Structure formats: structure tokens, C-alpha cells
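Residue numbers 7 to 178, in our numbering, belong to the letters of the sequence shown in order.
Structure first, then comments.
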Amino acid sequence: MGHFLLTSGLHSDKYVEKFRLLERPELVSQVCAEIVRRFEGEKIEIVLAPAVGGIVLAFETARQIGCRYIFAETENGQRVLKRGFEIKVGEKVLLVEDVVTTGGSVKATLDLALSKGADVVGVAVLIDRGETPLQLPVRTEVLLRLPLQTFQPLSCPLCQHGIPIERRGSKR
């Protein structure tokens, strides 16, 4: 409990620290095995993640599948492929993300994959903490649904009560 600034820009009285799981390779391996199981038979060629949160999960998922993994970065407000990463038209792509609230990073990365002509077989999300479930135009598998109450900054009751805000994560 507290007062947290989420990556989405929203405020919440709760925070999910995904790195308590991601710092444990044996747990990451188990979580990714579940992702692989859920997409078994899809003949995935690339596992794609938005940087940075999904990179660890995408790497391990791709390792277990036996395919490439790549990640999309933000440049000038847009998701882009850098570092020589590419997606060819028709390649079967699985998008993997760690935690979503509004789904903004996932949606932008999905749009990028589709713009490259990818055959996106689905999206796997470790935790959906949004108040409403993530809605995407492709198959979406969420391993844990943990809805948190969130607030717009201008109408946040925690701010109004003068509770100091904590900025966790890598973007703030």
C-alpha cells in the first residue's frame, strides 16, 4: 500500500514489483513454460517484446520454443525495431509483455509488428493489472489478472490527501 506513479502515468495505491519474479531464473523458466504451453502448435518464428519489461520473458520464451527473439524500443514517441532486428512479411510472431495497466506499450508493439506484415499469433502477458481486462484484436493470454484501482493524476484522492508519490520502475 502506498501512492505509486505507474508507467502509464496513472496513480495507484498498490504496485506490482515484477522484478521479484524476474530476478529468479528458475521462476522465469516456469512462467515461460506456461506461455509456451498455451501457444503450443503455433509454429512461432519470433518472440517480440516491448523494451524493457518484456525482454527477459521474451528471451526465455524464445529459448524454450527454439526461435529468435527481438524487442521494440521507443524512439521519438514511436515503437521501432533497432539493432538490425527485422520482421519479414508473414513471419509468425508471439508478442510477450510483463505487466500491463492500459496496454499502451503492447498495443504500440502490436501495431509495429502488424505494420511489418507479421502474422501475430497472439499476445502473452504475465500480469494484467488494469481495472478492465486488456482488449486486443488478437488472441491474448494473461497469466495473472490482478486488477488495481487507478486514478488520473488530476483527480487522484491520494494526491488530494497529500500522500507522497513513489516513482518506481525504469521510466521515471
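The C-beta atom is built at its ideal place from N, Cα and C for all residues, glycine as well.
All values reported here derive from a predicted model rather than from experimental measurement.
The beta carbon of S35 sits closer than 7 Å to the beta carbons of E66 from its chain, once the five residues preceding and following it are set aside; these are given in chain order. Between the alpha carbons of I41 and R145 lies a gap of roughly 13 Å.
With a threshold of 16 other beta carbon atoms within 10 Å, G168 falls short and is exposed. By the beta-carbon neighbour count (other beta carbons within 10 angstroms, threshold 16), P143 is exposed.
In the DSSP assignment, A78 forms a beta bridge with P56, L87. In the three-state DSSP reduction, L142 falls in the coil class, being neither helix nor strand.
With a 10 Å radius around the Cβ and a threshold of 16 neighbouring Cβ atoms, E23 comes out exposed. Boundaries for K98: no alpha helix (DSSP H) harbours it, while the beta strand (DSSP E) harbouring it runs 98-106, taken from the DSSP string.
Per DSSP, reduced to three states, the secondary structure at G47 is coil, with no helix or strand assignment. About 6 Å separates the beta carbons of L132 and V37, which is inside the 8 Å limit, making them a contact pair. Of the other Cβ atoms in all chains shown, fewer than 16 fall within 10 Å of the Cβ of V86; this residue is therefore exposed. Using a 10 angstroms sphere on the CB of V95, the tally of other CB atoms stays under 16, which defines it as exposed. Here G72 carries a coil assignment [DSSP, helix/strand/coil]. A130 is bridged by DSSP to V102, E147. Under the three-state reduction of DSSP, S14 is assigned to coil, being neither helix nor strand.
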